[in-house]
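Letter 69 of the sequence shown, counting from 1, is numbered 69 in full-length UniProt numbering, and no numbers are missing.
What follows is a single structure, written as structure tokens, with notes after it.
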Amino acid sequence: TQLGMNDRNLAEFFIDLAEKEVRINWKQRLKSKRNNAAVLEEEDLVSLSQKYRSTLDKNGAELPLGLVSRLLRAVADMSPKLARSLQEQKEKQVIKKAKEDGPQLM
Numbered sequence: 001t002q003l004g005m006n007d008r009n010l011a012e013f014f015i016d017l018a019e020k021e022v023r024i025n026w027k028q029r030l031k032s033k034r035n036n037a038a039v040l041e042e043e044d045l046v047s048l049s050q051k052y053r054s055t056l057d058k059n060g061a062e063l064p065l066g067l068v069s070r071l072l073r074a075v076a077d078m079s080p081k082l083a084r085s086l087q088e089q090k091e092k093q094v095i096k097k098a099k100e101d102g103p104q105l106m
């Protein structure tokens, strides 16, 4: 490729950047109490795709927004690493909420 990387390294680079963007977005949603089951909500996809595209541009990968959006969606849907990370975040939120609510009397 023009970047001096082989295809596998380039793919891993794209995936790593996408995972970071989705993780950041997920953490922001948890902090804002928008804790839905979806890894990537449709309302977040456009702004997140634009951020991801900007990150790729800064690293020399100028791609159309449509392709960037599809890459981001594919990584969000299929990444086992991301799924584990997001599950851990959900568990932390459940524990935090349980501590905030205190013991429940019956």
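Backbone N, C-alpha and C define an ideal beta-carbon position, used for all residues, glycine too.
Keep in mind that this is a model prediction, so the values were computed, not measured.
6 Å Cβ shell around residue i - same chain, five flanking residues per side excluded
{"i": "residue 55", "result": "17"}
{"i": "residue 96", "result": "none"}
Assumed close pair residue i, residue j - CB separation to whole angstroms, cut-off 8 Å
{"i": "residue 82", "j": "residue 22", "result": "6 Å"}
{"i": "residue 12", "j": "residue 75", "result": "Rounded, the Cβ-Cβ distance is 11 Å, inconsistent with contact."}
{"i": "residue 93", "j": "residue 26", "result": "Going by Cβ atoms, the distance from residue 93 to residue 26 rounds to 10 Å, so no, they are not a contact pair."}
Beta-carbon contacts of residue i that lie in its chain and below 7 Å, excluding the five residues immediately before and after
{"i": "residue 68", "result": "49, 52, 53, 56"}
{"i": "residue 85", "result": "23"}
{"i": "residue 44", "result": "25"}
{"i": "residue 71", "result": "14, 18"}
Three-state class that DSSP yields for residue i in the structure shown
{"i": "residue 9", "result": "helix"}
{"i": "residue 66", "result": "helix"}
{"i": "residue 49", "result": "helix"}
{"i": "residue 25", "result": "helix"}
{"i": "residue 76", "result": "helix"}
{"i": "residue 61", "result": "coil"}
{"i": "residue 54", "result": "helix"}
Own chain, CB closer than 8 Å to residue i, minus 5 neighbours either side, in chain order
{"i": "residue 59", "result": "13, 17"}
{"i": "residue 15", "result": "75, 79"}
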